[in-house]
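**Student:** Please find one structure pasted underneath; my questions will follow.
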Amino acid sequence: MKCLSVRQPWAWLIVHRFKPVENRTWPTKVRGPVAIHAGQQFDQAGLEALLDYMPALREHLPQQYELGGIVGVAELTDCVTQHPSPYFTGPYGHVMHKARPVPFIRYRGVLGYFDIPDELLAGTLQASAAEAEEVGQERLF
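The numbering of the sequence shown is the numbering used here, which starts it at 8 and goes up by one.
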């Protein structure tokens, strides 16, 4: 399975379906299930700018964020240069669907999409996929 490392709070926003697109400076041909890895660093300036722009989001955010491990999975369905989400800043957007959190798995991340062992998430994927279907597709702000 492929995995993408994303700084918090962006990883949390992706796996909880607030952020349907991950901005990158490079395109990707990766499609299908991807694990979302929360990097070691937290983007405090990004969070502050986000809350200035979308103050109603504050009530949904956690008090603490998990860092340095896998926090969720999503279906990477497209790579675009335009997207209607207010989170899209480009130049490329990696479009995520059916995102969902998984129990935290400490794991070292690297840049770009990287491979992780399939068995790392084997026990959590079926349960989280069923939950994802129940919850619905997206939460947009």
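For glycine and all other residues, C-beta sits at the position ideal for the given N, C-alpha and C. In this text, all values refer to a predicted model and were calculated from it rather than measured experimentally.
Using the three-state DSSP reduction, which class does Y60 fall into: helix, strand or coil?
**Tutor:** Residue numbering aside, residue 60 sits at position 53 when the sequence shown is read from its first letter. Note: Y60 maps to helix in three-state DSSP.
**Student:** Let me know the secondary structure DSSP gives R24 once reduced to three states.
**Tutor:** Position 17 of the sequence shown, counting from 1, holds the residue named residue 24. R24: coil per DSSP, three-state reduction.
**Student:** On the DSSP letters alone, give me the boundaries of the beta strand (DSSP E) that G116 sits inside.
**Tutor:** In the sequence shown, counting from the first residue as 1, residue 116 sits at position 109. Note, G116: premise wrong, no beta strand (DSSP E); not H, not E.
**Student:** Report all residues from its chain with a CB closer than 8 Å to the CB of A81; omit the five preceding and five following residues, and keep chain order.
**Tutor:** For the purposes of this step, residue 81 is identified with residue 74 of the sequence shown, where counting begins at 1. Around A81: I21, V22, P40, V41, I43, M103, H104, K105, A106 and R107.
**Student:** If you draw a straight line from the C-alpha of R113 to the C-alpha of G79, how long is it?
**Tutor:** On the sequence shown, residue 113 is found 106 positions in, with the first residue counted as 1. On the sequence shown, residue 79 is found 72 positions in, with the first residue counted as 1. Using only the alpha carbons, I get a separation of about 12 Å.
**Student:** For Y94, is the classification buried or exposed, using 16 other Cβ atoms within 10 angstroms of its Cβ as the cut-off for buried?
**Tutor:** Here residue 94 corresponds to residue number 87 of the sequence shown, with the count starting at 1. Result: buried.
**Student:** List the DSSP bridge partners of Y94.
**Tutor:** By 1-based counting over the sequence shown, the position of residue 94 is 87. Note: Y94 sits in no beta bridge, so no partner.
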